[in-house]
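Undergrad:
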Amino acid sequence: MNMETEAGAAPPEPADGTPRRLTGWRRQQLAGWLFLTPAIAYLLFAFALPIVYNVMLSFEQTSPATIANFTAPYAGLANYRFIFHDPTSRAAIVHTFEFTAGSLLGQFIIGFALALLFSIRFPGRTVARSLVIVPWLLPLIVTGVIFRFMFQAEGGAINQLLTSVGLAHHPIQWLNDPHLAFWTILVANIWLGVPFFTLLLYSALQDVPVEVKEAALIDGAGPWQRLRLVIVPIILPVIEVTLLLGFVFTVKVFDLVIGLTGGGPANATQLITTWSYNLSFQIFSFGEGAALNNVLLVLALICSPLYLLLSRGQLRRSSGAAG
Amino acid sequence: MTRRQKARAKRWLCTLAAVAALVMILFPVYAIIVGSFESTETLFSGTFYWLPHAATLDNYRTVLQGASGNTQETVTGAQSGNVLTSLVVGLGTALLALAVAVPAAYALSKYRLRVTVVVVSSLLVAQIVPSIVLATSLFIVFHWLHLLNSYVGLVIADGTYAIPFAILVLRAFFFSLPNELMYAARVDGASELQTFRLIVIPLARSAVITVAVFAFLAGWGDFIFALTMLNGTGIEPITLGIYSYLGNFSTDWGAVMASGVFAMVPAGVMLVVAQRYIAAGLTAGSVKG
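Taken in sequence, the protein lines are chains A and B.
Read left to right, the first sequence gives residues 20 to 342 (the working numbering).
Read left to right, the second sequence gives residues 163 to 451 (the working numbering).
What follows is the structure in structure tokens.
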């Protein structure tokens with residue numbers, strides 16, 4: 020290994036400049052770079068390139084014929100004008116907001132309730148806690164299909180239950196009524212996200228010092244006061260991270276909706292992701308699809324400064340000091 | 163009621179609440195398993211049976227041997243080949259993730275590199291990028307590179323689910339290894355590569371398993387890249403197979419259910435075999451620094 024030719028090596032540290040250490044330091048720089056190179060190459064190819072190319076595509080006038088050419092004629096802002104005027108694209112953006120807000124609300128309330136439940140000692144707690152993560156492990160398309168099965172008007176478990184307890188007299192057209200269909204994707208996604216919220220909030224609750232809880236108890240705080248004034252403020256950072264990650268997961272949802280409603284009926288459950296898929300891969304209008312993708316990307320990346328701020332622990336530990 | 167009795171009643175009440183929650187959480191999984199054993203007549207009878215009704219293995223036979231011939235479906239025959247395809251894709255994703263992530267995580271935790279902060283920030287942001295954005299561009303890029311309809315292309319795309327996560331989780335783990343280990347190896351004359359291969363990797367076994375399990379499940383369960391990168395001919399993973407059973411007007415529910423059960427198997431196996439790794443992996447990398 021000839022390390023003298025390694026151009027990427029940084030200049031030597033001025034503080035400790037004995038030649039022997041210098042060589043060791045160089046050797047380590049080289050090794051570190053070699054270990055990191057595949058990851059950097061992968062990030063550039065699988066993330067940076069598609070993102071940049073997606074921006075390029077959104078300004079191009081694409082057609083099925085241009086796919087083979089890699090580039091297409093410049094289109095200016097035409098693709099963006101299209102998606103902000105196209106009623107379905109606009110509806111998809113609105114649906115995405117509603118879907119995300121509704122999902123986060125439901126996931127947080129149920130997840131927090133379960134996390135509180137699991138922090139009480141009761142028989143069967145360990146088993147229950149380990150089974151909670153089951154929804155998270157299934158392929159998302161399977162989850163979508165299962166809910167499609169359960170929400171069927173005829174022979175679906177949900178209608179069967181509702182009619183047998185007398186809450187409904189006729190089969191409810193969950194998947195054929197545009198308003199109700201939106202609720203089905205919301206319910207399915209809440210079901211999907213609850214384990215994640217439960218697990219993260221549960222582990223945060225475990226970290227609340229017992230002394231603090233006892234002190235509040237001695238001071239005569241009721242259960243609700245203890246929760247609101249003592250526990251929530253302590254675990255607030257975790258709540259923030261959990262909601263942020265929940266947001267990021269939810270704006271990405273695709274498989275679930277494709278499996279459950281396919282975006283229908285009458286595009287009532289089209290989200291940005293599913294409609295972008297339609298634009299790009301059903302009608303081969305990649306430019307318009309890419310423009311819609313960029314709206315989604317901006318929406319998702321709005322969170323990234325906040326996310327980086329909340330993850331600053333990971334960033335600050337920038338080196339483990341092997342030199 | 164004495165205080166002790168009250169405390170006991172409270173605990174059993176909690177158990178009851180947990181059981182109720184679990185019924186709701188597990189019911190969909192139960193429904194698909196029961197449904198997979200129902201006959202076509204039962205599935206289309208307009209009634210959902212809470213317990214198996216006239217159980218049969220017909221759906222599994224259809225799924226394993228191919229459609230019985232009464233539908234016009236030709237693309238979606240047997241799913242047994244698809245299961246194999248999904249296994250290959252899952253294993254490929256796990257291997258790629260490990261090959262890229264283990265050395266990278268080591269470099270990002272144990273070496274003082276100037277790019278560390280930039281790379282770690284990029285990884286955090288990469289986790290946010292929606293797959294449809296990547297899929298749209300990668301479709302054209304792969305078309306150009308002749309990687310559509312190939313295992314290589316699919317595995318590279320599926321790696322986007324697993325690799326940023328894998329690097330961050332492994333990095334958090336490597337921080338827990340004392341630097342003295344590396345010093346000692348160097349003093350004993352080990353090269354950097356030897357230190358990594360003979361000291362670090364064996365110690366990181368549990369974290370490596372966690373990451374491999376997650377990468378496998380990501381590749382196995384991927385739908386969006388399979389849908390966009392593969393166009394019906396040649397390789398078809400099970401997720402795509404399930405999707406092709408869903409018709410616009412008529413759905414072959416029996417086949418959907420049975421292949422859905424097949425698709426759930428790895429998750430079930432992992433839950434039993436690798437439970438502790440999964441629980442660790444779910445929380446690691448997202449909250450704890």
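Note that beta-carbon positions come from the ideal geometry of N, C-alpha and C, so glycine has one too.
In this structure, does DSSP put Tyr99 of chain A in helix, strand or coil?
TA: On the first sequence, position 80 is the one that residue 99 of chain A refers to. Of the three classes helix, strand and coil, the one that applies to Tyr99 of chain A here is helix, per DSSP.
Undergrad: May I ask you to report which of helix, strand or coil DSSP gives Tyr93 of chain A?
TA: Here the question's residue 93 of chain A lines up with position 74 in the first sequence. Strand, per DSSP.
Undergrad: In the DSSP assignment, the alpha helix (DSSP H) including Asp274 of chain A goes from what residue to what residue?
TA: Here residue 274 of chain A refers to the residue found at position 255 when the first sequence is read from its first residue. It spans Asp274 to Leu279 - the alpha helix (DSSP H) in which Asp274 of chain A sits, taken as one unbroken run.
Undergrad: Can you name the start and end residues of the alpha helix (DSSP H) that Leu396 of chain B belongs to?
TA: Looking up residue 396 of chain B in the second sequence gives position 234. Here residue 396 of chain B is Gly; the residue named in the question, Leu, does not match the sequence. Looking at the DSSP string, Gly396 of chain B is not in any alpha helix (DSSP H), and its letter there is neither H nor E.
Undergrad: For Glu79 of chain A, which beta-bridge partners are listed by DSSP?
TA: Mapped onto the first sequence, residue 79 of chain A falls at position 60. In DSSP, Glu79 of chain A forms a bridge with A:Tyr93.
Undergrad: Is Ile363 of chain B close to chain A? Criterion is C-beta to C-beta, closer than 9 Å.
TA: Against the second sequence, residue 363 of chain B aligns to sequence position 201. Judged by the 9 Å Cβ criterion, Ile363 of chain B is not in contact with chain A.
Undergrad: Of all the residues that make up the region 322-355 of chain B, which are near chain A by a beta-carbon distance shorter than 9 Å?
TA: Against chain A - using a Cβ distance shorter than 9 Å - the residues of the region 322-355 of chain B are Thr322, Ile325, Pro326, Ile329, Leu330, Arg333, Ala334, Phe336, Phe337, Leu339, Asn341, Met344, Tyr345, Arg348, Ser353, Glu354 and Leu355.
Undergrad: In or out: Lys172 of chain B buried (at least 16 other Cβ within 10 Å) or exposed?
TA: In the second sequence, counting from the first residue as 1, residue 172 of chain B sits at position 10. Under this definition Lys172 of chain B is an exposed residue.
Undergrad: Distance cutoff 9 Å, beta carbons only. Does Ser242 of chain B sit that close to anything in chain A?
TA: For the purposes of this step, residue 242 of chain B is identified with residue 80 of the second sequence, where counting begins at 1. Judged by the 9 Å Cβ criterion, Ser242 of chain B is not in contact with chain A.
Undergrad: Report the residues of the region 285-309 of chain B with a CB closer than 7 Å to any CB of chain A, ordered along the chain.
TA: Those residues of the region 285-309 of chain B that come within reach of chain A (Cβ to Cβ, closer than 7 Å) are Leu286, Val287, Ala288, Ile290, Val291, Pro292, Ser293, Ile294, Val295, Leu296, Thr298, Ser299, Leu300, Ile302, Val303, His305 and Trp306.
Undergrad: Leaving aside the five residues before and after Tyr61 of chain A along the sequence, list all residues of the same chain whose C-beta is less than 7 Å from its C-beta, in chain order.
TA: Your numbering for residue 61 of chain A matches position 42 in the first sequence. Cβ within range, chain order: n/a, list empty.
Undergrad: Short of 7 Å in beta carbon distance, which residues of its chain neighbour Gly254 of chain B, apart from the five on each side in sequence? Order them along the chain.
TA: In the second sequence, counting from the first residue as 1, residue 254 of chain B sits at position 92. Excluding positions up to five away in sequence, the list reads Tyr313, Val317 and Gly381.
Undergrad: Output yes if chain B places a C-beta closer than 9 Å to the C-beta of Leu41 of chain A; else output no.
TA: The sequence position of residue 41 of chain A within the first sequence is 22, counting from 1. Its pLDDT being 47, under 50, Leu41 of chain A is placed unreliably by the model, and nothing is read from it.
Undergrad: Thr236 of chain B by DSSP, collapsed to three states: which one?
TA: Taking the second sequence and counting its residues from 1, the one referred to as residue 236 of chain B is at position 74. Only weak support exists for where Thr236 of chain B lies, its pLDDT of 43 falling under 50; the coordinates are left without a value.
Undergrad: With a cut-off of 9 Å, does the C-beta of Leu188 of chain B fall near any C-beta of chain A?
TA: Working through the second sequence from its first residue, we reach residue 188 of chain B at position 26. Closer than 9 Å: yes.
Undergrad: Is the beta carbon of Phe215 of chain A closer than 9 Å to that of Ala180 of chain B?
TA: Residue 180 of chain B sits at position 18 when you count from the first residue of the second sequence. Residue 215 of chain A sits at position 196 when you count from the first residue of the first sequence. It is not a contact, given that the beta carbons lie outside the stated cut-off.
Undergrad: With 16 as the cutoff for other CB atoms within 10 Å, does Phe387 of chain B come out buried or exposed?
TA: For the purposes of this step, residue 387 of chain B is taken as residue 225 along the second sequence, with counting starting at 1. Phe387 of chain B comes out buried.
Undergrad: I'd like the span of the alpha helix (DSSP H) that includes Trp306 of chain B, first residue to last.
TA: Within the second sequence, the letter at position 144 stands for residue 306 of chain B. Trp306 of chain B -> alpha helix (DSSP H) spans Ser293 to Leu307.
Undergrad: If contacts are defined as beta-carbon pairs under 8 Å, then Phe54 of chain A and Ala269 of chain B qualify, I think. What distance do you get, rounded to the angstrom?
TA: In the first sequence, the residue the question calls residue 54 of chain A occupies position 35. In the second sequence, the residue the question calls residue 269 of chain B occupies position 107. The Cβ separation is near 4 Å, so the contact holds.
Undergrad: Decide yes or no for the touch test of the region 305-315 of chain A against the region 184-197 of chain A: beta carbon pairs closer than 8 Å, at least 3 of them.
TA: No, the region 305-315 of chain A does not touch the region 184-197 of chain A.
Undergrad: Excluding five sequence neighbours on each side, which residues of the same chain lie with their C-beta closer than 8 Å to the C-beta of Asn341 of chain B?
TA: As a working mapping, residue 341 of chain B is identified with position 179 in the second sequence. Counting only Cβ-Cβ distances below 8 Å, and skipping sequence neighbours, we find Lys272.
Undergrad: Measuring alpha carbon to alpha carbon, tell me which residue in A:Gly43, A:Thr85 and A:Ile250 is nearest Trp306 of chain B.
TA: One-based indexing of the second sequence puts residue 306 of chain B at position 144. It is A:Thr85 whose Cα lies nearest to the Cα of Trp306 of chain B.
Undergrad: Thr292 of chain A touches chain B at which residues, Cβ-Cβ below 7 Å?
TA: Numbered from 1 along the first sequence, position 273 holds the residue referred to as residue 292 of chain A. What Thr292 of chain A touches in chain B: Pro292 and Ile294.
Undergrad: When you compare only the Cα positions, how much space is there between His114 of chain A and Ala319 of chain A?
TA: By 1-based counting over the first sequence, the position of residue 114 of chain A is 95. By 1-based counting over the first sequence, the position of residue 319 of chain A is 300. Cα to Cα, His114 of chain A sits roughly 15 Å from Ala319 of chain A.
Undergrad: Within its chain, find whatever has a CB closer than 6 Å to the CB of Ile254 of chain A; leave out the 5 residues flanking it on each side and keep chain order.
TA: Position 235 of the first sequence, counting from 1, holds the residue named residue 254 of chain A. Cβ neighbours of Ile254 of chain A beyond the five flanking positions: Ala223.
Undergrad: With H, G and I counted as helix, E and B as strand and the rest as coil, what does DSSP make of Ser353 of chain B?
TA: Within the second sequence, numbered from 1, the residue matching residue 353 of chain B stands at position 191. Correct three-state label for Ser353 of chain B: coil.
Undergrad: In this structure, does DSSP put Ala388 of chain B in helix, strand or coil?
TA: Start at 1 with the first residue of the second sequence, and residue 388 of chain B comes out as number 226. Of the three classes helix, strand and coil, the one that applies to Ala388 of chain B here is helix, per DSSP.
Undergrad: Residues in the same chain with beta-carbon distance under 6 Å from Gly384 of chain A, minus the five sequence neighbours each way, listed in chain order, please.
TA: Residue 384 of chain A lies beyond the stretch modelled for chain A, which goes from 20 to 342, so this question has no answer here.
Undergrad: In this structure, does DSSP put Pro252 of chain A in helix, strand or coil?
TA: Position 233 of the first sequence, counted from the start, is the residue given in the question as residue 252 of chain A. Correct three-state label for Pro252 of chain A: helix.
Undergrad: Look at the alpha carbon of Gln234 of chain B and the alpha carbon of Asp414 of chain B, and state the distance between them as a whole number of angstroms.
TA: Indexing the second sequence from 1 puts residue 234 of chain B at position 72. Indexing the second sequence from 1 puts residue 414 of chain B at position 252. Summary for Gln234 of chain B: the model assigns pLDDT 44, below 50, so the residue's position carries little reliability, and this model does not support an answer.
Undergrad: Taking the straight line between their C-alpha atoms, what separation do you get for His215 of chain B and Val206 of chain A?
TA: Stepping through the second sequence from its first residue, residue 215 of chain B is reached at position 53. Stepping through the first sequence from its first residue, residue 206 of chain A is reached at position 187. Spanning the two alpha carbons is a distance of roughly 27 Å.
Undergrad: Measure the C-alpha to C-alpha separation of Val431 of chain B and Asp226 of chain A and round it to an integer number of angstroms.
TA: On the second sequence, residue 431 of chain B is found 269 positions in, with the first residue counted as 1. On the first sequence, residue 226 of chain A is found 207 positions in, with the first residue counted as 1. Cα to Cα, Val431 of chain B sits roughly 30 Å from Asp226 of chain A.
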